[in-house]
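Reviewing the structure listed below.
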Amino acid sequence: MNTTRAFAESLDTEDPLAPLRDEFVIDEDIVYVDGNSLGRLPKRTTSRLAEVIEHEWGRLLVSGWDEWMLLASRIGNLIGEGLLGAAEVILSDSTSVNIYKLASAALDARPDRNVIVTEARNFPTDLYILQGLAEQRGLELRLVDTALDMRVTPENLAPLLDDRVALVSLSHVSYLTSGLADMHAITALIHSHGALSLWDLCHSAGSIPVDLQSCNADLAVGCTYKYLNAGPGAPAFLYVRSDLQETLRQPIWGWFGQRDQFDMGPHYDPEPGISKFLVGTPPVISLAAVQTGAEVLIEAGIDRLKTKSDALTSYAIELFDEWLAPHGASLGTPRDAAHRGSHLAIRHPDAFEICREMIAGKVIPDFRQPDVVRIATPPVYTRFVDVWIALDTLRAVLEKRRP
Ligand SMILES: *Cc1c(COP(=O)(O)O)cnc(C)c1O
Numbered sequence: 000m001n002t003t004r005a006f007a008e009s010l011d012t013e014d015p016l017a018p019l020r021d022e023f024v025i026d027e028d029i030v031y032v033d034g035n036s037l038g039r040l041p042k043r044t045t046s047r048l049a050e051v052i053e054h055e056w057g058r059l060l061v062s063g064w065d066e067w068m069l070l071a072s073r074i075g076n077l078i079g080e081g082l083l084g085a086a087e088v089i090l091s092d093s094t095s096v097n098i099y100k101l102a103s104a105a106l107d108a109r110p111d112r113n114v115i116v117t118e119a120r121n122f123p124t125d126l127y128i129l130q131g132l133a134e135q136r137g138l139e140l141r142l143v144d145t146a147l148d149m150r151v152t153p154e155n156l157a158p159l160l161d162d163r164v165a166l167v168s169l170s171h172v173s174y175l176t177s178g179l180a181d182m183h184a185i186t187a188l189i190h191s192h193g194a195l196s197l198w199d200l201c202h203s204a205g206s207i208p209v210d211l212q213s214c215n216a217d218l219a220v221g222c223t224y225k226y227l228n229a230g231p232g233a234p235a236f237l238y239v240r241s242d243l244q245e246t247l248r249q250p251i252w253g254w255f256g257q258r259d260q261f262d263m264g265p266h267y268d269p270e271p272g273i274s275k276f277l278v279g280t281p282p283v284i285s286l287a288a289v290q291t292g293a294e295v296l297i298e299a300g301i302d303r304l305k306t307k308s309d310a311l312t313s314y315a316i317e318l319f320d321e322w323l324a325p326h327g328a329s330l331g332t333p334r335d336a337a338h339r340g341s342h343l344a345i346r347h348p349d350a351f352e353i354c355r356e357m358i359a360g361k362v363i364p365d366f367r368q369p370d371v372v373r374i375a376t377p378p379v380y381t382r383f384v385d386v387w388i389a390l391d392t393l394r395a396v397l398e399k400r401r402p
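By the count of numbering that gives the first Met the number 0, the sequence shown reaches residue 402 at its end, each step adding exactly one.
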């Protein structure tokens, strides 16, 4: 393969999505490959937030609520329709809290079953919340134990399923390995055992197409500050399939889930639809940033973004094979582009030190236990030359360590 920087630059010249980089605030002194931890700031968010703060909050004051009350579902629908293949999505709370809400609701809907299934390497907060629910309710938590370069598949999940399973909660794209689960096949398998599915979309929303409706997914959650570029602490989203909305009960009974909220009635009587999963007053300023972040991606088109994402990660794997494998690094991500999201897990026993040295060299990846350097390539603003610089820097670090 051609490993020159000039070749990477020529890929950028040919890239039809290259102009999108201009939509973002970018410090050209560093190469940022950590957008799956915190996405970049879209330029239009800066001006939109100034308007929300100065005009809406500053002048409209409490009358702003005429519009603000609708934001959680209006922007939720925008993300749902544009990126997740299902309109009925709402924004609320954090991903952690939404996992608690939806997992609790699912367990209540299967009172005669006593098992939760998840992946041993699921994101920590997902594991902790499911552990907490299992302990509170005296349930069994079963863990799919996949190898580090693998993903959850119908084959490795099936042995854990039986008619005692109430809920299967999985990440669509693994935060660690980038392995992409087959949502369609796995949801069908879960349903064949009478259980409910809860999908965590934190690493898929905004980076790859998701089709909740055609997969017949029951429940989903995800955050907006990674590939959706909505900023630190921006509210998370949740999805409940429409036929489940009426029967599922959420465990946190707040006034934003109440039917006729401003009747201020003394007893909880939830909305029949998805808004029953709201709890309290929404973070209006952060919500505005979710809208502008999502707009940039929707305008680009999620299918085009996935094509570019695959090209970036495939290019990174070619450089990995050429430059890094000979220095003792191994790939912790599926090689088939159809089986991965938008980042690579590069494994090395000295991963932590390697990350520190890369950061000193002005390339920002992140370290994940036990031995992973994560290189994220969010397709909306990442250039091929960024991939080239990141892997070239990693190569130099490895060469220096093991001459
Ligand atoms: C980032 C991430 C979270 C984060 O949850 P918060 O409540 O926003 O802190 C949860 N689950 C997965 C899979 C993630 O990647």
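From the three backbone atoms N, C-alpha and C, an ideal C-beta is built for every residue, glycine too.
No heavy atom of ligand 1 is found nearer than 7 Å to the CB of residue 214. Contact check between the stretch 144–153 and the stretch 332–340: three or more CB pairs, one atom from each, fall below 8 Å, which counts as touching. Linking residue 8 to residue 316 through their CA atoms gives a straight-line distance of about 17 Å. Those residues placing their Cβ nearer than 7 Å to any heavy atom of ligand 1 are, following chain order, 93, 94, 95, 96, 121, 122, 124, 125, 170, 174, 199, 201, 202, 222, 225, 235. In its chain, beyond the 5 residues on either side, 336 have a beta carbon closer than 8 Å to the beta carbon of residue 313. If you check the CB distance, residue 175 and residue 196 do not come in under 8 Å. In the structure shown, the three-state DSSP call for residue 337 is helix. Inclusion of residue 383 and residue 345 in the CB contact set at 8 Å is not warranted, their separation being larger than that value. Straight across, the Cα-Cα distance linking residue 255 with residue 357 is about 46 Å. Going by DSSP, residue 342 is part of no alpha helix (DSSP H) but of the beta strand (DSSP E) stretching over 342–346.
The beta carbons of residue 251 and residue 100 sit about 6 Å from each other, so the pair counts as a contact at 8 Å. In this chain, residue 320 is not harboured by any beta strand (DSSP E), its DSSP state being neither H nor E. Taken in chain order, the unbroken stretches of beta strand (DSSP E) that lie wholly in the stretch 149–205 and span 3 residues or more are 164–170, 195–199. DSSP places residue 363 within a strand segment (E or B) once states are collapsed to three. About 6 Å separates the beta carbons of residue 286 and residue 234, which is inside the 8 Å limit, making them a contact pair. For residue 266, the closest C-alpha among the options 253, 272, 227 is that of 253. Under DSSP, residue 118 takes part in a beta bridge, and its partners are 143. Using a 10 angstroms sphere on the CB of residue 257, the tally of other CB atoms reaches 16 or more, which defines it as buried. Of the residues assessed, residue 110 falls on the exposed side of the cut-off, its CB having fewer than 16 other CB atoms within 10 angstroms. Look at residue 212 here: in three-state DSSP terms it is helix. In the displayed model, residue 371 falls within a strand according to three-state DSSP. Residue 277: not part of any alpha helix (DSSP H); DSSP gives it neither H nor E. Remark: C-beta atoms of residue 240 and residue 104 do not approach each other more closely than 8 Å. Under the three-state reduction of DSSP, residue 83 is assigned to helix. In this structure, residue 362 lies near residue 392, with their beta-carbon atoms less than 8 Å apart. When DSSP assignments are scanned along the stretch 26–110, the uninterrupted stretches of beta strand (DSSP E) that are 3 or more residues long and fall wholly within it turn out to be 88–90. By the C-beta density criterion, residue 141 is buried, having at least 16 other C-beta atoms within 10 angstroms. Pairing residue 185 with residue 166 gives a Cβ-Cβ distance that is not under 8 Å.
Under the criterion of beta carbons closer than 8 Å, residue 208 and residue 305 qualify as touching, at roughly 6 Å. The beta-carbon distance between residue 94 and residue 220, rounded to whole angstroms, is 5 Å. This is short enough to meet the 8 Å contact definition.
In this structure, the straight-line span from the alpha carbon of residue 222 to that of residue 24 is close to 21 Å. Nearest to residue 204 by alpha-carbon distance, out of 238, 193, 189, is 238. Taking residue 20 as the centre and dropping the five residues before and after it, the same chain places the C-beta of 380 closer than 6 Å to its C-beta, in chain order. Residue 88 sits close to residue 76, with the two beta carbons spaced by under 8 Å. Burial check for residue 274: the Cβ neighbour count within 10 Å reaches 16 or more, so the residue is buried.
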